[in-house]
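**Q** Starting off with a structure, shown below.
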Amino acid sequence: MTIRDSIKERILILDGAMGTMIQGYKLTEMDFRGNLELLQMLNYQGNNDMLNLTRPDIIEDIHRRYLKAGADIISTNTFSAQRISQADYHMEDFSYDIALQGAKLARKCADEYSTTNKPRFVAGSIGPTNKTCSMSPDVSDPAKRDLTYDTLFHAYSEQVEAMIKGGIDAILIETIFDTLNAKVAIDASLSEMRKVGIDLPIMLSVTITDLSGRTLSGQTLEAFLASISSYPIFSVGLNCSFGAEQMRPYIKELASKAPYYISIYPNAGLPNSMGEYDETTEIMVPQMRTYVDEGLVNIIGGCCGTTDEFIAGYTQIVKDKLPHVPTPVSKEMILSGLEQFRLTPEITFVNVGERCNVAGSRKFLRLIKERNYEEALTIARKQVDDGALVLDINMDDGLLEAKDEMVHFVNMISSEPEIARVPLMIDSSDWDVVVAALKCVQGKSIVNSISLKEGEETFIRHAKDVLRYGAAVVVMCFDEEGQATSFERRIEIASRAYKILTEQVGIQAKDIIFDPNILAICTGMKEHNNYAVEFIRATEWIKKNLPGAHISGGVSNLSFSFRGNNYIREAMHAVFLYHAIQVGMDFGIVNPATKITYADIPQDELKIIEDVVLDREEGADEKLIELANRILAQKDILKQNGKESNQQEEWRNSSLEDRLVYALRKGISNYLNDDIHEALEKYPNAVSIIEGPLMRGMNEVGDLFGAGKMFLPQVVKTARTMKDAVAILQPYIEKEKVGGKATAGKVLLATVKGDVHDIGKNIVGVVMACNNYEVIDMGVMVPADKIIKKAKEECVDLIGLSGLITPSLHEMVNDVIAFKEAGLHIPVMVGGATTSKLHVALKIAPLYDAPVVWVKDASVNPSIAASLLNEAERPAFCEELNKSYEKLRANYKEQQQKILSLEKARENKLNLFD
């Protein structure tokens, strides 16, 4: 029996956390190193996957404990068994062996426990790596990437090849925080399975990082579902992030919308202030029971903090319970950027913004040639603000390196949440450019376009690439004989392409958009007069005879003969769309800022234009030319329709302070120069502007982010805008410095050893730099000895330690012990998601001879630093800090005295299963 068979009959149990179990074995560094003759400088502590080679006995023991507890599926100890993650331990050359051995160990144990009635399965665990393909590691360079699609694809392919060879039953791509990383893993999995001729289920599990229910890279769950909708996915679910109870609304959302089996394996609650997990089996089992009783899930298990005891509890609650029935596959097209776009029956037309096309916008072409990407982004933003539901991007120009420009601009868009929320249309006649762009997009985009003009072989190859990268596709009505201009040729080519795509390639009909060629009319050539009518006829036929397919076209082509007369062009477009939409045209590449609608056109003009568009009357083209000339002669109308509105946005009428706060919160840099210089006239000095309205804006961002009303890409964008503001102020700050002091102080920032998260630290660096501190950023995975060495070399005034994951708390303790042993007396600021004031008070501050301050968020770093470095303020600040720490310690001690011992608590436990 396969996993596909078993899941139809019952709810399956996945195992618990590997890391939690490993911690219970009290391993030393030599357990991770084994007998490998490697450099003394290397450190493998924390590289749990390495134990597959050095301590297979421990990994087997953990697998057997979960199997004995009743797990149906055990996941391999291969979460980081690929080159990207193993490079942090200098172990990339061992990644294949680690993955292979991890699969073999799990296979061996699963086979030991399998029976006819209860087969046991092995899921090959693939983690997200410690890098993201969708976000920049540098707030100053939003187009930069630490990791490319191709590099990650190679790493994942090696891992999947090894695990398949080791005998896995399914592929588990888990803890997904960036959908593009997950798409690469899916691509690698499908590719490796094709090579060996097998078909394993692909399981996906997402981790939500904030209260808004988005991934770290900013996508909603709906957008994530759209991004993967082209792939053959077995199950989708959530793991890690929150505890079971906090996941409830998101699991309900998945269960109601995803056409897949549903999984959930949460942490044992959120980490407490000590970085530990408080929820016990007695707490979590009833919580998980509700998911089972409500029919929301097909697979349940545990993540951080869960052990075999949890799994044993879960086996009891699934007995005789009916599994979740997946939602039927939607017949509607779904696309995504950071948010989902669903083409519902209520949406009669999808406006594809056309202005980010170097062939269609001279301004956009000039900006790209000048590499003025920030202003080019304002064009994209305006398209979205004006109502574009999809954004067309085209870089095809003889003087541009189209591939490089496309990748750069698409990466730039990814850092702009207000733009990136909509799906992209990747538009190029160069297939290499299309593929390069698809490798940068985490959402589900549209490829514009493919056709049969180079024959079926090329058409199929391109279509398979579209499917591989999870996109929808525009199909032009071209074939080997050329462009279709008649009704008959249009439907002939569309029928042939539809059959190939749906029957040979496997693209869903709802992901096919035909472009039957909108061609220029009123050109003076009689044979062109019926082009619009033939398009409309072909549209109606395709919608009736090729079920599920959509229709699009470049509407501006229609009026090409009237370039320079915007009114006539927009009126022609309005008339054409009115009639084409009625028979099924549902996409169109048009300027979303167009002002003229069908209803706006005066009746006398409307008759002339309709006669031309619908080819109803002999000589109609001459009447339209006369109308166009008459309009050109009316200067007031030309003036009205020939220039863009200069009306300022409403927020520009607010007070100076409110404008600065708004600009910072929204990440708008356009007016910063004017507003900053206005502020310089009002405020006593440049620094006071930073400490006033700019920091107020940062505080608002922090509050909104904490409340789940902003998500990470927006925060990063805000940090970049803050940096722009400070760059304007910097010359004035330099002039205002007193006594020749170059900076307010020198601060060293580092993410501690074992932790690769640095986005929060980057924001701290920006804020500190904005407040005139010299920042030395040592990056991630920084051991204590390197921090000490750099601190002494640079004579720093402050050290900032950052960490996101629970092990970082222990590393921070080790760091301050090392600082003390090295004779440092430099104040330390501690920050990061798992840190807390209580942990600092109990575990860190007592071990160091200088102040250790927990910092809640980036906005308060400068004020804390100022107090620590001000000789007059420091004694009082430290006294107050120590008093607060003493109070926390006393309260904690009192609480602990009231808590029963573990043995007593276990004696009083509730038995749920009698």
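Number 914 marks the last residue of the sequence shown (full-length UniProt numbering); no jumps. The beta carbon of each residue, even a glycine, is placed where N, CA and C say it ideally should be.
1. Under three-state DSSP, which class holds Glu886?
2. List in chain order: all unbroken alpha helix (DSSP H) runs of 4+ residues lying wholly within the segment 533 to 590.
3. Nearest by alpha-carbon distance to Leu824: which of Asn117, His810 and Lys790 is it?
4. Do you know how far the Cα of Ile581 is from the Cα of Ser556?
5. Measure the C-alpha to C-alpha separation of Leu270 and Lys369 and round it to an integer number of angstroms.
6. Can we say the segment 438 to 448 touches the segment 220 to 228, given the rule of at least three CB pairs closer than 8 angstroms?
7. Looking at the strands, I want to know which residues DSSP matches up with Cys795.
8. By the 10 Å Cβ neighbour count, where 16 or more other Cβ atoms means buried, how is Gln895 classified, buried or exposed?
9. Quick one: grab the DSSP three-state call for Leu365.
10. Can you give the Cα-Cα distance for Ser241 and Tyr265, rounded to whole angstroms?
11. Closer than 7 angstroms: is that where the CB of Phe562 sits relative to any heavy atom of the ligand ATP?
12. On a Cα-Cα basis, can you pick out the residue from Met30, Ala420, Gly702 and Thr597 that is closest to Leu338?
13. Please classify Ser429 as buried or exposed, where buried requires at least 16 neighbouring CB atoms within 10 angstroms.
14. Is Lys543 near Val583, with beta carbons less than 8 angstroms apart?
15. Whole-angstrom Cβ separation of Leu105 and Glu60, contact assumed at under 8 angstroms?
16. For Thr175, which three-state DSSP category applies?
17. In whole angstroms, what separates the C-alpha of Thr2 from that of Phe121?
18. Could you tell me which residues DSSP puts in a beta bridge with Glu774?
19. Go to Ser227, then tell me how far its alpha helix (DSSP H) extends in each direction, as first and last residue.
20. Give the straight-line distance between the Cα atoms of Leu798 and Ser688, rounded to the nearest whole angstrom.
21. In the DSSP assignment, find the unbroken alpha helix (DSSP H) run with Met18 in it and report its ends.
22. So Ile126 and Leu172 are supposed to be a Cβ contact under 8 angstroms. How far apart are they, rounded?
23. Using DSSP with H/G/I as helix, E/B as strand and the rest coil, what is Met41?
24. Determine the burial state of Ser655: buried for a count of at least 16 other Cβ atoms within 10 Å of its Cβ, exposed for fewer.
25. Quick check: what's the CA-CA separation for Asp199 versus Ser189?
26. Identify, in the order they occur along the chain, each residue of the same chain with its Cβ nearer than 6 angstroms to the Cβ of Pro137, setting aside the five sequence neighbours on each side.
27. Considering Ile334, what are the terminal residues of the beta strand (DSSP E) in which it resides?
28. Within a Cβ cutoff of 7 angstroms, which residues of the same chain sit near Leu558, ignoring the five residues on either side of it in sequence?
29. Using the C-alpha atoms, what's the distance from Val853 back to Asn861?
30. What residue does the beta strand (DSSP E) around Gln504 start on, and which one ends it?
31. What does a CB cutoff of less than 6 angstroms around Asp615 pick up in its chain, not counting 5 residues either side in sequence?
32. Given Ala784, which residues of its chain have a CB within under 6 angstroms of its CB, disregarding the five upstream and five downstream residues?
33. Would you kindly check if the distance between the Cβ of Ile426 and the Cβ of Ile13 is under 8 angstroms?
34. Could you give the residue range of the beta strand (DSSP E) that holds Trp854?
35. With a threshold of 16 other CB atoms inside 10 Å of the CB of residue 954, please say whether the residue is buried or exposed.
36. Just list the residues that DSSP pairs residue 952 with in beta bridges.
**A** So, to answer that:
1. For the purposes of this step, residue 886 is identified with residue 886 of the sequence shown, where counting begins at 1. If DSSP states are grouped into helix, strand and coil, Glu886 belongs with the helices.
2. 566 to 582
3. Position 824 of the sequence shown, counted from the start, is the residue given in the question as residue 824. Of Asn117, His810 and Lys790, the residue nearest in Cα terms is Lys790.
4. In the sequence shown, residue 556 corresponds to position 556, counting from 1. In the sequence shown, residue 581 corresponds to position 581, counting from 1. If you take the alpha carbons of Ser556 and Ile581, they lie about 16 angstroms apart.
5. Counting from 1 along the sequence shown, the entry for residue 270 is found at position 270. Counting from 1 along the sequence shown, the entry for residue 369 is found at position 369. Their backbone Cα atoms lie some 49 angstroms apart in a straight line.
6. yes
7. Here the question's residue 795 lines up with position 795 in the sequence shown. Partner(s): none; Cys795 has no beta bridge.
8. Looking up residue 895 in the sequence shown gives position 895. Exposed, since its Cβ has fewer than 16 Cβ neighbours within 10 Å.
9. Taking the sequence shown and counting its residues from 1, the one referred to as residue 365 is at position 365. Looking at Leu365 - three-state DSSP - the assignment turns out to be helix.
10. Residue numbering aside, residue 241 sits at position 241 when the sequence shown is read from its first letter. Residue numbering aside, residue 265 sits at position 265 when the sequence shown is read from its first letter. Rounded to the nearest angstrom, the two C-alpha atoms are 10 angstroms apart.
11. Of the ligands one can find in the structure shown there are none, so the ligand ATP has no counterpart to examine.
12. In the sequence shown, the residue the question calls residue 338 occupies position 338. It is Ala420 whose Cα lies nearest to the Cα of Leu338.
13. Sequence index remark: in the sequence shown, residue 429 carries index 429 (1-based). Burial call: exposed.
14. Along the sequence shown, one-based indexing puts residue 543 at 543. Along the sequence shown, one-based indexing puts residue 583 at 583. Yes, the Cβ-Cβ distance between Lys543 and Val583 is below 8 angstroms.
15. Taking the first residue of the sequence shown as 1, we reach residue 105 at position 105. Taking the first residue of the sequence shown as 1, we reach residue 60 at position 60. Contact flag correct, Cβ pair sits at about 6 angstroms.
16. To locate residue 175, count along the sequence shown from 1; it is residue 175. Strand.
17. Sequence index remark: in the sequence shown, residue 2 carries index 2 (1-based). Sequence index remark: in the sequence shown, residue 121 carries index 121 (1-based). Computed Cα separation, rounded: 8 angstroms.
18. Within the sequence shown, residue 774 is the residue found at index 774, counting from 1. According to DSSP, Glu774 bridges with Lys746.
19. Within the sequence shown, the letter at position 227 stands for residue 227. Its alpha helix (DSSP H) spans residues Leu221 to Ser227.
20. Counting from one through the sequence shown, the residue named residue 798 turns up at place 798. Counting from one through the sequence shown, the residue named residue 688 turns up at place 688. Near 22 angstroms, if we compare the C-alpha coordinates of Ser688 and Leu798.
21. Sequence index remark: in the sequence shown, residue 18 carries index 18 (1-based). Taken as a continuous stretch (DSSP letters only), the alpha helix (DSSP H) holding Met18 covers Met18 to Gln23.
22. Residue numbering aside, residue 126 sits at position 126 when the sequence shown is read from its first letter. Residue numbering aside, residue 172 sits at position 172 when the sequence shown is read from its first letter. Ile126 to Leu172, Cβ: 7 angstroms. Contact.
23. Mapped onto the sequence shown, residue 41 falls at position 41. Residue confidence for Met41 is low, a pLDDT of 35 falling below 50, so the modelled location carries little weight and cannot support an answer.
24. Counting from one through the sequence shown, the residue named residue 655 turns up at place 655. Answer is exposed; the Cβ neighbour count stays below 16.
25. Here residue 199 refers to the residue found at position 199 of the sequence shown. Here residue 189 refers to the residue found at position 189 of the sequence shown. Those two C-alpha atoms are separated by around 10 angstroms.
26. Stepping through the sequence shown from its first residue, residue 137 is reached at position 137. Counting only Cβ-Cβ distances below 6 angstroms, and skipping sequence neighbours, we find Asp146.
27. Position 334 of the sequence shown holds residue 334. Taken as a continuous stretch (DSSP letters only), the beta strand (DSSP E) holding Ile334 covers Ile334 to Ser336.
28. Taking the first residue of the sequence shown as 1, we reach residue 558 at position 558. For Leu558, where only same-chain residues beyond five positions count, the Cβ hits under 7 angstroms are Ile518, Ala520, Ile521, Ala532, Met572, His573 and Phe576.
29. Counting from one through the sequence shown, the residue named residue 861 turns up at place 861. Counting from one through the sequence shown, the residue named residue 853 turns up at place 853. Distance between the alpha carbons of Asn861 and Val853 is about 10 angstroms.
30. What you label residue 504 is simply residue 504 of the sequence shown in a count that begins at 1. Here Gln504 belongs to no beta strand (DSSP E), and DSSP marks it neither H nor E.
31. To locate residue 615, count along the sequence shown from 1; it is residue 615. Around Asp615: Asn529, Asn530 and Val533.
32. For the purposes of this step, residue 784 is taken as the residue at position 784 of the sequence shown. Closer than 6 angstroms at Cβ, skipping near neighbours: Asp815 and Ala818.
33. Position 13 of the sequence shown, counted from the first residue, corresponds to residue 13. Position 426 of the sequence shown, counted from the first residue, corresponds to residue 426. Going by C-beta atoms, Ile13 is not nearer than 8 angstroms to Ile426.
34. Within the sequence shown, numbered from 1, the residue matching residue 854 stands at position 854. First-last of the beta strand (DSSP E) with Trp854: Val852 to Trp854.
35. Because the chain in this structure spans residues 1 to 914, residue 954 falls outside the shown range and cannot be described.
36. Here the chain comprises residues numbered 1 to 914, so residue 952 is not present and cannot be evaluated.
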